[in-house]
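One structure below.
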Amino acid sequence: MPLALVQFTPFPSLSHPSFWHKLTQLKLDVLKLSDAQVDITGSYGVGRLIRDREAGAWISVNANLAVEEESFTDTKIPTRSVAARGTLKNYNTIEEFKAADKTMLFNECADKIWESIVTNKDTSLLNSFLIITYADLKKYKYYYWFAFPAFVASPSWHITERGWVPAIQAGFSEAQMSSIYEQLLGNQPLQAFFVVLTPSDASTEVTVSAIDAYVPGATVGFIDPSAQLQNPGWPLRNLLAYLRYSYPDSMSSLDVLSWRDTEIPREGWKSRVGSLVVGDGSLSKAAVVPNARPNAVGWEKNVQGKLGPRVADLAPMMDPTRLANQAVDLNLKLMRWRIVPSLDLDKIAATRCLLLGAGTLGCYVARCLMGWGVRTITLVDSARVSFSNPVRQPLFQFSDCLNGGRPKAECAAERLREVWPGLNASGYTLSIPMPGHPIPVSPSLCEQVQQDVEKLEKLIEEHDVVYLLMDSRESRWLPTVIARSKDKLVMNAALGFDTFLVMRHGARHTLDDNSRLGCYYCNDIVAPADSLTDRTLDQMCTVTRPGLASIAASTAVELMVSVLQHPRSIHASASSSSSSNYADIIDVEKTSVLGLVPHQLRGYLAQFRNLHIVGAAYDKCTGCSEIVINAYETEGFSMLLNAFNDSKYLERLTGLDNLFAEGEKALRDVEWIEEEEDNDF
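Right, dumping it as structure tokens:
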């Protein structure tokens, strides 16, 4: 009766969701458009026999070759497992994936394995594998195909009549099995291949050594991922090819230990032994052709049992919040593939933004900040949602207007979290005290105002960028003073009927001798005063062209991002008012990776144009001059009370009152001179 061919159990693959998550990160942040091959590391354990408690039968469970997040770092292999080196090639399109020259890739992998055998007699690559993938990052579908190249023996190996039997029946004692177990498990990760050496003095002691210690007659062992009683695992195929090439004179027969025990067994050792021979019981030297690689097989079959790729659809099983977080960053990271490779998205994401005003501008600014991946947005407003708001302010809806209206700041923050659950959004109802608006003489009211000021100071301290998006001019004064004192980046947006102003306030301290950029109040010759009293309805409501707010809001956010991307950040120089010339565009001092970093942008919707303006800081400015900031830092709340209660306090403090008087005197002198000159004629 002819001997049976040795038949091997193919490797099943297992790709953990964490593997695809790491591949997504690698593709977006590192590989981008590159389809270069990436070295990875997989792992596999032993096949297991599990007893069915109800039926009492043994169930065979083959071990998978698994890849996970740590496969890309090669730093962590699960205990009681064998490391396997692999190569991943990810394609940019599904068409490239389908049209890939899979035969060439497979042969390249097989050639490397064979070269390691012929050149170095190295067994570390015998378990090499290949994965080709295409990652659809918008739908979180991953198309992949594993290959485990294994050489076809010629002539073939056969198993003797007794087949694969338990190691105890093959002559190994309990003590010897325990000794092998201790020696194997003492090294982590496990050795994929080894030799069991028995002393020639008939001693029962055994020694487990590396495979290169093989001597004729020794038992060869391998960690077997198969649980089939008569079918060894896939790694044995390449081990036999290695032995046949390295020891051709002693490969007519071979005893193989299929090791399947990584725990002390409760019901007998599961490892098995088989005696292998070539077809006719002998192997001539002519049968081995040096340096001629044998044929190889090893593409994994799909779930239908046919040769073809598999699909991992992670969208249904992913945490929706985590899915949303990744989706937010997707388009942003794609910018770095071709258009702006040096864009620092981490800096933008880490920027904490405080929005003072949750109205039309505040809603649009918040939405635009989310689009840039900003993770922390805090809104402050004192108003409630009214029936006129939802159509112009996209974070509110009709139900928010009922029963007197919900507080705008808290409602807007809630809507932001509904759009993006991973966003750290919060809202505070807070009234900002204003100069020219006296505080009534009441200890309780004065205490409340002081608490509001302290809360505002704390919020500005906790954030990196402060947006001034309020309705009135004087409401921007206090945040301007506090933010200048703390040297925060301030973005200011204001609307007219068909015009808008977007500007960044200059830093308090400059890095060089360049003139400091001004703030919202630097062009004023009078202190901010009450502009809310005695106004008609069209003056009390924000009367602007409906599209203007979104234009101004998006411009403010884009300007902030450009500032953050500039090497000097808040200290970035501004392009001149004549910056339409090409010289400013290429001036690295005035540009970021996203382009110009202007000081002020004045938009004219009626003319569909924007004007770049640079305004230097004014030493008598009521908002950012050192006189005002030093008074605030020295006197604290008492200085602020003076500004709130006395409309002329800031003018006296900064010297604007003297400047006004001098101006009046100069005008009188000019008029007198002109009259004198007229008389001369």
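Residue numbering for the sequence shown follows UniProt numbering, starting at 1 and increasing by one per position. Every residue, glycine too, gets a C-beta built ideally from N, C-alpha and C. These figures come from a predicted structure and were not determined experimentally.
Going by DSSP, which residues form a beta bridge with residue i?
i           : result
residue 407 : 384
residue 353 : 377 and 465
residue 92  : Bridge partners of residue 92: none, in fact.
residue 59  : 50
residue 257 : 221 and 273
residue 86  : 40 and 129
residue 600 : 503 and 613
residue 154 : Answer is none; residue 154 lacks a bridge partner.
residue 11  : DSSP, once it has assigned bridges, lists no residue as partnering residue 11.
residue 159 : 4 and 276
residue 592 : 595
residue 141 : 136 and 313
residue 166 : 272
residue 659 : For residue 659, which the question treats as bridged, DSSP gives no partner whatsoever.
residue 146 : 131
residue 517 : 616
Looking at the secondary structure, which residues open and close the alpha helix (DSSP H) in which residue i lies?
i           : result
residue 136 : It is not in any alpha helix (DSSP H) - residue 136 instead sits in the beta strand (DSSP E) that spans 129 to 136.
residue 325 : 320 to 338
residue 645 : 637 to 645
residue 703 : The first residue shown for the chain is 1 and the last is 681, placing residue 703 beyond what the model contains.
residue 365 : 360 to 371
residue 111 : 102 to 115
residue 235 : 235 to 246
residue 529 : Run containing residue 529: none; DSSP gives neither H nor E here.
residue 555 : 548 to 565
residue 180 : 174 to 185
residue 652 : 649 to 654
Name the two residues that bound the continuous beta strand (DSSP E) containing residue i.
i           : result
residue 64  : Counting along the chain, residue 64 falls outside any beta strand (DSSP E), and DSSP gives it neither H nor E.
residue 392 : Segment: none, residue 392 is in no beta strand (DSSP E) and carries neither H nor E.
residue 22  : Counting along the chain, residue 22 falls outside any beta strand (DSSP E), though it belongs to the alpha helix (DSSP H) covering 17 to 26.
residue 197 : 193 to 197
residue 489 : 489 to 495
residue 426 : 424 to 429
residue 208 : 207 to 210
residue 311 : 310 to 313
residue 297 : 296 to 299
Check whether chain B comes within 9 Å of residue i, counting only Cβ atoms and requiring the distance to be less than that.
i           : result
residue 334 : Absence of chain B from the displayed structure is noted, only one protein chain being present.
Let me confirm a value: residue i is counted as buried when at least 16 other C-beta atoms fall within 10 Å, else exposed. Which label applies?
i           : result
residue 231 : buried
residue 393 : buried
residue 334 : exposed
residue 402 : exposed
residue 286 : Because residue 286 sits at a pLDDT of 42, beneath the cut-off of 50, its placement in the model cannot be relied upon, and the following sentence gives the value as read from the coordinates. Counting Cβ neighbours within 10 Å, residue 286 comes out exposed, since fewer than 16 surround it.
residue 400 : buried
residue 680 : Because residue 680 carries a pLDDT of 48, less than 50, the predicted location of this residue cannot be relied on, and the following value inherits that uncertainty. Result: exposed.
residue 235 : buried
residue 283 : With a pLDDT of 49 at residue 283, under the threshold of 50, the modelled position of that residue is not reliable, and no figure is offered here.
residue 7   : exposed
residue 466 : buried
residue 661 : exposed
residue 251 : buried
residue 305 : exposed
residue 342 : exposed
residue 492 : buried
residue 486 : exposed
residue 438 : exposed
residue 556 : buried
Contact defined as beta carbons within less than 8 Å: I believe residue i pairs with residue j. What is the distance between those atoms, to the nearest angstrom?
i           : j           : result
residue 206 : residue 196 : 5 Å
residue 494 : residue 436 : Not quite, the Cβ-Cβ distance comes to about 18 Å (not below 8 Å), so this is no contact.
residue 518 : residue 618 : 6 Å
residue 349 : residue 373 : 5 Å
residue 622 : residue 524 : 7 Å
residue 422 : residue 325 : 4 Å
Return yes when at least one heavy atom of the ligand ADP lies under 8 Å from the C-beta of residue i, else no.
i           : result
residue 375 : Here there are no bound small molecules, and the ligand ADP is not part of this structure.
Check: So, do the stretch 60 to 75 and the stretch 32 to 44 have three or more beta carbon pairs nearer to each other than 8 Å?
Finding: yes
Note to self: Taking contact to mean 3 or more Cβ pairs, one atom from each stretch, closer than 8 Å, check whether the stretch 206 to 213 and the stretch 264 to 278 are in contact.
What the structure shows: no
Note to self: Tell me whether the stretch 262 to 272 and the stretch 154 to 161 touch, counting them as touching only if at least three CB pairs, one residue from each stretch, are closer than 8 Å.
What the structure shows: no
Notebook entry, point to check: Would the stretch 407 to 415 and the stretch 302 to 320 be scored as touching if the rule is three or more Cβ pairs under 8 Å?
Noted result: no
Item checked: Stretch pair the stretch 96 to 106 + the stretch 242 to 262: three plus CB contacts closer than 8 Å -> no
Next item on the list: Determine, using beta-carbon pairs with one atom in the stretch 599 to 611 and one in the stretch 499 to 507, whether at least three such pairs fall under 8 Å.
Entry: yes
Margin query: Contact between the stretch 290 to 301 and the stretch 176 to 192 is defined here as three or more beta-carbon pairs at a separation below 8 Å; is this criterion met?
Written below: no
Note to self: Between the stretch 22 to 41 and the stretch 85 to 99, can you find at least three pairs of beta-carbon atoms closer than 8 Å?
What the structure shows: yes
Margin query: Tell me whether the stretch 632 to 651 and the stretch 431 to 447 touch, counting them as touching only if at least three CB pairs, one residue from each stretch, are closer than 8 Å.
Written below: yes
Item checked: Contact the stretch 594 to 601 vs the stretch 379 to 396: 3+ CB pairs below 8 Å -> no
Check: Any contact of the stretch 5 to 20 with the stretch 131 to 150, i.e. 3+ C-beta pairs under 8 Å?
Finding: yes
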